[in-house]
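Novice: Residue numbers (the working numbering): 261 to 496.
Backbone N, C-alpha and C fix where the C-beta goes; we use that ideal spot for every residue, glycine too.
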């Protein structure tokens, strides 16, 4: 119902403005989208973007978890890595993209940007989860001489899991948006970002809006799949 309400507002606004180049109507936008989805290039662009963003996202998860474990076990490591995490959190995405384009190929830019955006979230949440593990449970494990494997599986993993799942769900959307922003600037071939840029250059507003809707839907699907895959027990 709320979606229908905003579609009506969108349609009314497009009629009031009366200029399709500024605000394409929902009908023209969905017509453009229907034309796009039957083209092979549309799906190739989506696959190229999603695969690279997802690769950067996975690397961010692995590195973030490893860094969190190392920081928990070594105060020196935590002190050393903290400036890097703060740097990744603070520097604007556009600055990262422009600098990275001096060093890496544009076709891989979304991998690096997704990694940089996801790493601080995963690291901070995971480390917070580890630091919040119940001291009573750890003391009990020590008293009953529970081995490290079972301590890891049944104490640390269970206690950290909500923090980790929250980090994953929070970072996936940010990685996706930042990765596409990197593509818009770097213009790697056959990507969502390149198509957005081309639609803007040729003032093809319906296609620009169509790609935007595709991005929103794709982002929601990815988040839903991840939520179902890893977060069901926590978020039910």
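Restricting to Cα atoms, I'd like to know which of 476, 419, 453 and 480 is closest to residue 390.
Specialist: Along the chain shown, read from residue 1 onward, the residue named residue 390 stands at position 130. Measuring from the Cα of residue 390, the nearest candidate turns out to be 419.
Novice: Counting Cβ pairs, one atom from each stretch, are 3 or more of them under 8 Å apart for the stretch 370–390 and the stretch 333–345?
Specialist: yes
Novice: What's the call for residue 312, buried or exposed, on a 16-neighbour Cβ count within 10 Å?
Specialist: As a first step, residue 312 must be located in the chain shown, where it is residue number 52. With 16 or more Cβ atoms within 10 Å of its Cβ, residue 312 is classed as buried.
Novice: Span of the alpha helix (DSSP H) holding residue 303?
Specialist: Working through the chain shown from its first residue, we reach residue 303 at position 43. Residue 303 -> alpha helix (DSSP H) spans 300–333.
Novice: Buried or exposed for residue 295, please, with buried defined as at least 16 other CB atoms from any protein chain shown within 10 angstroms of its CB.
Specialist: Position 35 of the chain shown, counting from 1, holds the residue named residue 295. Of the other Cβ atoms in all chains shown, fewer than 16 fall within 10 Å of the Cβ of residue 295; this residue is therefore exposed.
Novice: Quick one: Cα of residue 472 to Cα of residue 340, how far?
Specialist: Residue 472 sits at position 212 when you count from the first residue of the chain shown. Residue 340 sits at position 80 when you count from the first residue of the chain shown. Residue 472 and residue 340: Cα-Cα distance of roughly 40 Å.
Novice: For residue 423 versus residue 454, is the C-beta spacing smaller than 7 Å?
Specialist: Mapped onto the chain shown, residue 423 falls at position 163. Mapped onto the chain shown, residue 454 falls at position 194. No, the Cβ-Cβ distance between residue 423 and residue 454 is not below 7 Å.
Novice: For residue 495, collect the residues of the same chain with a Cβ closer than 7 Å to its Cβ; drop the 5 residues on either side in sequence, then sort them by chain order.
Specialist: Sequence index remark: in the chain shown, residue 495 carries index 235 (1-based). The pLDDT assigned to residue 495 is 46, lower than 50, so where the model puts this residue is not dependable; a value taken from the coordinates is nonetheless given after this. Correct list, in chain order: 487.
Novice: Assess contact between the stretch 298–306 and the stretch 359–371, defined as three or more Cβ pairs (one per stretch) separated by less than 8 Å. Is contact present?
Specialist: no
Novice: Assuming residue 452 and residue 440 form a contact by the criterion Cβ under 8 Å, report the distance between their Cβ atoms to the nearest whole angstrom.
Specialist: For this step, residue 452 is matched to residue 192 along the chain shown. For this step, residue 440 is matched to residue 180 along the chain shown. Residue 452 to residue 440, Cβ: 5 Å. Contact.
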